[in-house]
Structures are given as C-alpha cells and as structure tokens.
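Chains as they are written, first to last, in my numbering: chain A, 2 to 96; chain B, 287 to 766.
All residues carry an ideal CB built from backbone N, CA and C; glycine is no exception.
Notes follow once the structure below has been shown.
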Amino acid sequence: MSLTSDDVKRAAKLARLGLTEAETTETLTQLNSILGLVDQMQQIDTNGVAPLAHPLELKQTLRADAVTENNQRDKFQAIAPQAEAGLYLVPRVVE
Amino acid sequence: MYEAVIGLEVHVQLSTESKIFSGSSTHFGAEPNTQASLIDLGMPGVLPVPNAKAFEMAVKFGLAIDAEIGQESIFDRKNYFYPDLPKGYQISQFEKPIVGPGRVTISLDDGTTKTINVTRAHLEEDAGKSVHDAFDGMTGVDLNRAGTPLLEIVSEPELRSAKEAVAYLKVIHSIIRYLDISDGNMAEGSMRCDCNVSIRPKGSDTLGTRTEIKNVNSFRFVEKAINTEINRQIEILEDGGRVVQETRLYDPDKDETRSMRSKEEANDYRYFPDPDLLPVVLDDSFISACRDALPELPAARKARYISEYGITDYDAGVLVADRDVADYFAEVANTSGEGKLAANWVMGSVLAELNQTGDSITDFAVTAKQLSELIARIKDNTLNSKTAKTVFEALLANEGEVDVIIESKGLVQVTDTGAIEAIVDEVIAENPDQVANYRAAPEDKQGKMLGFFVGQVMKKSQGKANPQAVNQILSTKLSG
C-alpha cells in the first residue's frame, strides 16, 4: 500500500499541520517507507494470534474515586497565551 | 407513506466525586478552570489513571439492561480539534467497550411493550465548555467539565417514532436514577441526547440517509426535534431531492433543525488504542459486587406495585418512573393501607402540582405522612372528596397538620342523617318547580335531574355533607 500526495494533504489538514509542497513530498516519501515496513509485517501469518491493544501485557490499575487535586488556576494561567475572567482565551471559533 | 428509523446516543454524566482520569473535583458550578488539573489541561508528560467508581457505575448500568459486560475493555483516542478539547483527542472506547449488547423494554401508547436493543455503552471523558459571545473576537474556554466521566449509551435504530424515542429516553433516565449513577438533569447537561434520524418507504428494509441532531436537552425537545426532522426529510424526498448525511442542531425557538457544519469533510476521528492506558480487566468478583449492589429496578418495582397495591399497569408505570415518586407513593400506600386511593392522589394531585411548579418531590410541601393522614380521614368518612381537596390545598400552603386543618376550617363531614334531612327538606321547599318536573319525569331521566338537588344540598352544607347519604335521602324524599 502506498499513499498519494493528496492522502498526505488530507491527513495534514485533519492534524492541522500546514505543510509546504516540499514538506508534503518529503513526508510522502517518509510515510511510504514506513508503510513499506508495514507491508512487510503484513506478510507474517497472524492467524490464531489475538490482537494486542498495548505492547505491555499488563492490566490497567484503577484509582479510588477521591478528589486529590487542588485549584492551581493562577499558576496554569500564568503560562497561557491569554486568559480573562478565569477563562482561557483562544481565537474565536463559531460553529 | 414513510416510516422513520431512529437511533439515540445518550450521554450520561456519571456522578463520581472526581474525574475519570484525574483527581479533580467534578462538582457542578465552580469558578471557571478551578477544577482543571494538569491532566485535564492535556499538559505533556502527564498520565491518566482511570477512576474505579466510573467502571462500577458503567457495569451496574450494563447489568441493569441485561447486557454483556466487557470484562476486558480498552480506551482509544478519538482525534479532533476544538478548543475545549485540549489534548486534541478525547479518550473514549471504540473496539472494546465496557458494556456490550443489552436491551430495555418500552411501553407504547396502545398498552403494548417493545424491546429496544442497546448496541453498546462505553466510558469516555467529557469536553470543556466554550463561551463564544463574551469576548471581542475571542472564545473563552472553561475546562472544569473536561474529564468528567460520561457513559455513552447507543441504541440500535429500532425506534420508529418520536414518541418511541422519548419513551426509550425516559426508560434510560429512570434506570440511571434508580442506579443513582447520575442526576440525569437534562437542563444542566448531565444527560444529553443525539438523535439519528432517517426515513424510508413503509415496508422497505433498506435504510435511508440519516442525519444526526446533536445535544437535544429535554424530553419535549427530543420529541419536537425528531418530528421536525422527519417532516423536513419527507419534504425533501417528495420534492425529488436527496437527504444529505450531516450533523444538525435543533432550534427550539423556531422549531427547526439546521445544518451545523457546512461542507467540512466527513468526520474522520482516526481512532487508535490510547498508549497511555492499559486494557482494563475486571475480575468476576468486581462484577458480582456490582450485581449485589443493584437496587430494585423500575420494571421489577412496577410488577411488585401492581400485585402489592392492586393498582393498574398504567398507574404503576407512571408511579415507578421516578424513584423518589415511587418511594413517596409506597410510603403513602403503606401508611394509609389504601393503594388505589394513594395512587389516585399521588398521580392526580401531587404530580399535577409538581408538573406545574417544576419542583422535585423530595422538596414537596405535603409529606407522604401528611398525605396518608388525609387518606385515612377520607377512609373514616371525616372528609369527602371535596373537603379533602380543601385540606390538600391547605397542606400545600403549609397551614399545619391534617386534623388541625379539618378542625380549624370546620370541614368535618356531616354524616348525621337528621342534619342532612333538614337541609334536603329546605331545598325541596325552595324549589317547587324543579320538584314537580322531577316527579313528572320518567324514571330513567330522574337520575340525571337528581344532580341539581345534590348540588343545592352540598352548597348549603358548605361541601360537608356526605354525598352518598345526600343521594339516598334525596331520592327517597323526592319519590315520596
């Protein structure tokens, strides 16, 4: 399987990445070489092997339902580009 | 003729103390961003750790709808960009949800029931909230809600009308309230509903193109939004057009749905397993502990009320829908020993009053104990239906206890035959024409004409005369 430059542009758009034409070409080459490796892996017979959701064969630990965090808004907002009235401000988005 | 095909996605905020992946409080109404930690803000280098209570609540829901429980469930990343989603992805469950296929039963208007299959229910995190109109050219973001646990319950497209959709939603609401896993408050957004709607010629088994109406926030609006959307789609097809698959928003003021995203490319969430989270494996003891903690559910309680209190299927359905109402009714019925009267009063007077004020029964002015005393006074003939109503009004206005009100308002029913006879004689003497008419009328007409005299007697007794006694004495005296 190999990608076209349109596939790369679409993926870049979904990921909100602005790629130049040169970067698109370079990314296309890189992604196709990764997919080449994937093609190679697809050759392996995996019949009877259960899909793995995580490379570590461990179980997730759960935590008890307790409030352990306290309010650190001032600290967090000190490094935000813009904040007002307790809210983080971002360029306007309207649906 | 067209038929609608409807499926619902219901998002329920679980009432845990802390968030699904962080130790931040989920308490509603705090100052903006005071309950948003590094994990909720999506800062680099943090690690989410799932909340056991959210799993407990999800499993209870699964057991309540007779579903397969996903003993191994997996968290995936659902990728999209929006400012109230700081990580650029929502942690959700895709391939292996915590709750697999299950089912609920809804009651239809014609008295029959219908089973609706639930495809799945999965755990995920809620997003923050955006404020669009308060800042010049900017959007404000409050991340207090980000990371609040959600259970998304997905139905099969087996609902065939807006009414069925509402009935299904009410059953889900009733179950989550009985389980006490969410406050289910639609107005505050603790329960939200997306409606997938399509239409097709009746009898066809292919599916039409569907639209999704996002975030409808009341039972009434779900019904209106779906009906409006069905009509819109019918008009398009009748005009020879084609329904476009898209996300729409319901505007209750204009009673219309409109497109939310214009020509943006189809959603592509690029789900993949979240490498920050390992598979969650629940052992049998976790699940059996959840099963042991299940309360009596609405369907079981309905069956019990029908047999225990001798009330109708319909009445039982209304009474058990809300757990608090069901508890209130049971207390009244048990204390007064009068199931049917209790049902009539709770449904007729109590629920009517609550519907009007919008109050919750837990804050209701008339306690279950007071209502049972009122019913006891009807039973021992102290009150008739009219004076009982007066006492109920007085209880609503916090005028004291039942017997005190009866005393102070002089409402004791007159059952003394002599006293009633005296009033009847007065009424007969004062209305010679009506009496003559009555006596001249054929017997089958007399029953109706008696009402006039009963009314006069009741009026003279200020509503206190026992209506049965009045009827009897009147017909005897008039025929004589």
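Comparing alpha-carbon positions, the option among Val713(B), Asp702(B) and Thr673(B) lying closest to Ser694(B) turns out to be Thr673(B). For Phe314(B), no alpha helix (DSSP H) run applies, since DSSP gives it neither H nor E. The beta carbon of Asp8(A) does not come within 9 Å of any beta carbon belonging to chain B, so the residue lies off that interface.
Note on the segment 320 to 377 of chain B: whole beta strand (DSSP E) runs with a minimum of 3 residues are 362 to 365, in chain order. Residues of chain A whose Cβ lies closer than 8 Å to the Cβ of Arg556(B) are, in chain order, Leu15. Residue pairing by DSSP places Val740(B) opposite no residue, since no beta bridge is assigned to it.
Lys364(B) counts as buried, since no fewer than 16 other beta carbons sit within 10 angstroms of its beta carbon. A direct Cα-Cα distance of roughly 15 Å separates Leu657(B) from Ala638(B). Here Phe650(B) has Tyr614, Val636, Glu639 and Leu640 as same chain residues with Cβ atoms under 8 Å from its own Cβ, once five neighbours each way along the sequence are excluded. Residues are counted here when their Cβ sits less than 8 Å from a Cβ of chain A; for the segment 302 to 319 of chain B these are Thr302, Glu303, Ser304, Ser308, Gly309, Ser310, Ser311, Glu317, Pro318 and Asn319, given in chain order. Taken through DSSP and simplified to helix, strand or coil, Ser460(B) comes out as helix. Sequence-distant Cβ neighbours of Pro372(B) in its own chain, meaning closer than 6 Å and more than five residues away, are Leu327 and Gly328. Inter-segment contact for the segment 344 to 352 of chain B and the segment 568 to 588 of chain B is present: three or more beta-carbon pairs are separated by less than 8 Å. Membership of Pro487(B) in the beta strand (DSSP E) is indicated by the continuous run Met477 to Pro487. At a cut-off of 9 Å between beta-carbon atoms, Val95(A) makes contact with chain B. Only those residues of the segment 562 to 578 of chain B whose C-beta falls short of 7 Å from the nearest C-beta of chain A are listed: Leu563, Leu564, Pro565, Val566 and Val567.
According to DSSP, residue pairing for Tyr536(B) in a beta bridge involves Thr543(B).
Residue pairing for Leu437(B): DSSP places it in a beta bridge opposite Val298(B) and Leu409(B). One alpha carbon belongs to Ile709(B), the other to Lys665(B), and they sit about 24 Å apart. In chain B, no part has a C-beta under 8 Å from the C-beta of Thr28(A); the shortest such distance is about 16 Å.
Annotation note: the segment 30 to 94 of chain A contains the following uninterrupted alpha helix (DSSP H) runs of length 4 or greater, listed N- to C-terminal: 74 to 79. Pairing Glu521(B) with Arg528(B), the inter-Cα distance amounts to about 10 Å. With contacts defined by Cβ atoms closer than 9 Å, Thr676(B) and Gly749(B) form a contacting pair.
Across the segment 67 to 78 of chain A, CB contacts with chain B closer than 8 Å involve Ala67, Val68, Thr69, Glu70, Asn72, Gln73, Arg74, Phe77 and Gln78, in sequence order along the chain. Annotated as distal: Ser460(B) and Leu300(B), with beta-carbon spacing of 9 Å or more.
If you draw a 10 Å sphere on the C-beta of Phe739(B), you find 16 or more other C-beta atoms in it, and that means buried. Residue range Met424 to Asp428 is occupied by the beta strand (DSSP E) that includes Asp428(B). Taking a Cβ-Cβ threshold of 7 Å, the residues of chain B close to Val91(A) are Pro369, Met424, Thr425 and Val427, in chain order.
Buried is the label assigned to Met472(B), since at least 16 other Cβ atoms lie within 10 Å of its Cβ. The C-beta distance from Val385(B) to Ile355(B) rounds to 7 Å, short enough to fall under 8 Å.
Look at Ser416(B) here: in three-state DSSP terms it is strand. Rounded to whole angstroms, the separation of the alpha carbons of Ile485(B) and Asp396(B) is 23 Å.
When DSSP states are grouped into helix, strand and coil, Arg556(B) belongs to the coil group.
Two segments are said to touch when three or more pairs of C-beta atoms, one from each, lie closer than 8 Å; by this definition the segment 399 to 409 of chain B touches the segment 427 to 447 of chain B. When rounded, the separation of the alpha-carbon atoms in Glu659(B) and Val604(B) is 23 Å.
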